[in-house]
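In the numbering used here, the protein residues as written are 6 to 415.
Even glycine gets a Cβ: it sits at the ideal position worked out from N, Cα and C.
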């Protein structure tokens, strides 16, 4: 699990001759981790509000599945954008790169009948090369990332128009489309729920609880403050309940979408890399204080270069997922995707100054935006008002970040 669920610090001692006051400990935990828990609470409140407002439509299995499929590509972009922002940079080109990769995939699969697995590999390679091209100018030439990626946004958008010649390309192979709209096949005896989805849910619960326990043991080994057992058990129970409720909702319809498995795999990989590897620590160090990181031996140019290669690779994957869901490559694909990804990162806890944020936070921020979009559409809020509300949410998230920094500093 992410560091967004860190243990509380300096828990209050129990009253003399009695057991700990669970309510006081919980309040102290929330106060000490406002940044980590704030967006989770906000997401829960948004879900409850729209579930009631939409007459219980929001959490119906069909709508939950649609919510996952409609926002999968934005969440993939949000993971990469969070890492870019942690490193102290920004990427404005990802929406245009999504469109360019979709167009390239269309040319390969529709015009030249390239087998879709080979086309997917070639598209990912093109995305990595595009990220490397931008990373070179940023890391080794020293041009600010805002300028380089703004130029990239124009170049990739123009490249999309050239590849498609202003026309849409379709249809795509059915196997390729299942990357986004397919489901895990059913296996095992007939039950009321989709068996593989329930097994995956149980596996996620076991992994999450094991990670929480491992983190607690590591903190205890270093004689750091840990969460009281009562709150730890409550926290684990809440995680299991949330995961299984989500799994059962999906399992009561067609099961888990293939796109969700892709997203979960990316979340597990990048959360581990950013939390437990040298590369991840170097990214945080570079964004937090670049001069100090360089003096400490961090190879800042190489780290920056690899961050943008990774962003290009994830943008290519998002482009493939989006194109597979849409069923065609269009010149207008990817419009404002970069803004959605940046907003998801900042809502999920990224800091404009760099060095702060988690991969799980990016997912939470993306879900906040996704649920807002879906919920407002269900209750009939006009698109013009949706833009206003999302803008205010982004402003509130950044303002909250600044307030929290000042509160901690004081």
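- Assigned with DSSP and collapsed to three states, residue 261 falls in coil, not helix or strand.
- Within the same chain, 77, 78, 81, 184, 185, 264 and 267 come within 8 Å of residue 326 by CB-CB distance, once the 5 residues on both sides are set aside.
- Residue environment: residue 135 is assigned as buried (16 or more neighbouring CB atoms within 10 Å of its CB, all protein chains considered).
- For residue 73, the number of other beta carbons within 10 angstroms of its own is at least 16, and it is reported as buried.
- In this structure, the beta-carbon distance from residue 402 to residue 352 falls below 8 Å.
- The shortest C-alpha to C-alpha distance from residue 310 to any of 105, 146 and 189 is the one to 146.
- DSSP places residue 109 in the helix class (H, G or I) of the three-state scheme.
- The alpha-carbon of residue 177 is positioned some 53 Å away from that of residue 225.
- Contact between residue 98 and residue 154 holds, with the beta-carbon distance rounding to 4 Å and staying under 8 Å.
- Going by beta carbons, residue 324 and residue 168 fall outside the 8 Å limit.
- Beta-bridge partners of residue 313 (DSSP): none assigned.
- DSSP, reduced to helix, strand and coil, places residue 177 outside both helices and strands of the structure shown, so it counts as coil.
- Excluding the 5 residues flanking it on each side, residue 316 has same chain C-beta neighbours closer than 6 Å at 85, 89, 96 and 136, in chain order.
- Rounded to the nearest whole angstrom, the C-alpha separation of residue 46 and residue 112 is 44 Å.
- Counting only the Cα atoms, residue 367 lies some 27 Å from residue 385.
- With distances taken between CA atoms, residue 87 lies nearest to 275 out of 63, 275, 329 and 302.
- Residue 334 sits in a strand when the DSSP states are folded into three classes.
- When 257, 248 and 109 are compared, the shortest CA-CA separation from residue 321 is found for 109.
- Exposure of residue 57 is indicated by the presence of fewer than 16 other C-beta atoms within 10 angstroms of its C-beta.
- When the five nearest sequence neighbours on each side are left out, the beta carbons in the same chain lying within less than 7 Å of the beta carbon of residue 129 are those of 318, 321 and 322, in order along the chain.
- Between residue 175 and residue 332, the alpha-carbon positions lie close to 7 Å from each other.
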